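Before any comments, here is the structure.
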Amino acid sequence: MSDTLKQNNENLGEVLEQEEESSFNFRTVFSILVLHWQWFLLSLFICVCGALIYLRYSSPVYEVSVKMLIKEDNSRQRRSANMLANMQEFGILSNSEGIDNEVEILQSKILARDAVMDLKLYVEYRTVGRITKPLIYKTQPVSVDLELDSLIQWDKDLMFGKKSISMTLTRSNKVYHVKGQTMFKNLPVTEFERDIKSLPDTLSTVFGKVSFAQNDVFEMEDGEEFLITINPPMSIAMGYVSRLTVEPTSKMTTIAQLTLKDAHPLRGIEFLNQLALSYNSQANADKNEIALKTEEFINGRLEKIDAELGSTEDALENYKKRNAVTTLQMDATQSLQMSSQYANKLSEANSQIQLLDYLREFIDK
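Residue numbers for the sequence shown, in my numbering: 427 to 791.
And the structure:
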């Protein structure tokens, strides 16, 4: 009994010592906060100001998404239904076999390049500010473009190095001033500078001819400055593909959800819409090509069969004439008689079928 009481007293002493140590630590921390409250307040103020500055001047990234129905042909749907029925017997569910292929097609660089070319996303416009350079889309007062042959050549030369054109566009006294440089592997190659009095106009560079056109909706004011960059369409397409995700909404449907992260929400939405249009256009082109090839094959076979039958009939006719087997008039008469017999037998068969239908109706009643 005494041993138990002694052990309880020891445990109580340890608890009291721990409480004294914890209270001592709390008092120490509290005293530090009280003595150095200015530094803590200054650190909090600096952190809040830094967060506000970051949120004010950092470039936001928007996430946009669309859903797309992927249609399949009837043969593929039948195969998918049979496969799904077989998998359900084992307790395993799977989506149609074709949606995986279509997802890969939607994430292809060639399809993304078509969308970039249609929307002219290879040209980027930014306004020149004091700290940042905000991105603008479809609100630029002057539209800039590069000739098609040069864009195609840029994509071909992309494996050797990236070509680009960077320029600034300003306006003063109704005169546009263009100053820029051509770049290869992010290194300057040549510089150019020119004044444009009226639009539209063109400017020749070592990397191609650049065109300038006036935007009818927005007008550039004196003193405004814009930064314009032209990049290879394939490099822009690869950037979009890296930020694009395509996933089926469920294992039982053929609906794919396309999600894209972009610095401008309108540009991201229009890219996804144009990507869907390019996908449909490519699918229709593939179907038309298959139909055209099938038509060519059938027509070729029909021409061959027609030629063989024509030569056979001519040979048979010549043989009959040469050997006086029969006359063409007798053959025609015999053909008419056979046709009349076939018509009579067909009429009798139809009468028998109609009679059976009447008997079936009578029995049903």
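All C-beta atoms, glycine included, are put in the ideal place defined by N, C-alpha and C.
The model shown is predicted, which means the values in this text are computed figures rather than measured ones.
With a threshold of 6 Å on Cβ separation, who are the neighbours of residue i within its own chain once the five nearest residues in sequence on each side are excluded?
i    : result
E673 : Q683
V549 : V570 and I656
M660 : R539, D581 and L584
D544 : Q700
H603 : T596 and D621
S637 : D571 and T628
A702 : M494
Q778 : none
A775 : none
D732 : none
A511 : Model confidence at A511 stands at a pLDDT of 46, short of 50, so the residue's coordinates are unreliable and nothing is read from them.
S485 : A689
What does a CB cutoff of less than 8 Å around residue i pick up in its chain, not counting 5 residues either side in sequence?
i    : result
L772 : none
R669 : L686, K687 and D688
V848 : Because the chain in this structure spans residues 427 to 791, residue 848 falls outside the shown range and cannot be described.
F516 : Here the model assigns F516 a pLDDT of 43, short of 50, so the residue's position is not dependable and the matter cannot be decided.
L577 : M543, Y548, G634, P658 and P659
Y488 : K687, D688, A689, H690, P691 and G694
P626 : S637, F638, A639 and Q640
Y768 : none
From this set, the options, which residue's C-alpha is nearest residue i's C-alpha?
i    : options                   : result
I525 : M678, P614 and V542       : M678
E617 : Y488, K623 and T608       : T608
L532 : R693, N706 and F644       : N706
S624 : W465, N599, T631 and K497 : N599
I496 : C473, I731 and E530       : E530
L692 : A702, A663, Y563 and C473 : Y563
G649 : S630, D575 and V601       : V601
G694 : E721, A663, D732 and F723 : A663
I536 : N710, Q464 and S704       : S704
E573 : S630, T565 and A541       : S630
N527 : L782, I779 and I681       : I681
G665 : A541, N770 and K611       : A541
T565 : A775, P658 and H690       : H690
Name the DSSP bridge partner or partners of residue i?
i    : result
S598 : V601
G634 : T631
M593 : G606 and I654
K493 : Q683
R620 : V604
T671 : T685
I562 : Y551
Y488 : D688
Q640 : V568
P614 : M609
Going along the chain, which residues of its own chain have a beta-carbon closer than 7 Å to the beta-carbon of residue i, five neighbours each way excluded?
i    : result
S592 : G606, Q607, M609 and T655
F466 : L459
V667 : Q533, K535 and A538
Could you round the C-beta distance between residue i and residue j to whole angstroms and report it? I think they count as a contact, below 8 Å.
i    : j    : result
E619 : P567 : That pair is no contact at about 20 Å.
V632 : V615 : 7 Å
E651 : V554 : 4 Å
K611 : G634 : Actually they are not in contact, since the Cβ atoms of K611 and G634 sit about 17 Å apart, beyond 8 Å.
K594 : L653 : This sequence places Thr at residue 594; Lys is not what is there. 6 Å between Cβ atoms; contact.
Taking only heavy atoms of the ligand FAD into account, decide whether any of them is closer than 6 Å to the Cβ of residue i.
i    : result
M494 : Only the bare structure without any ligand can be found here, which leaves the ligand FAD out of the picture.
Let me see if you follow: with CB-CB separation under 7 Å, is residue i close to chain B or not?
i    : result
D540 : Looking for chain B here will not work: only one protein chain is present.
Does the region 490–499 come close enough to the region 691–701 to have 3 or more Cβ pairs within less than 8 Å?
yes
Do three or more CB pairs link the region 708–715 to the region 554–568 at distances below 8 Å?
no
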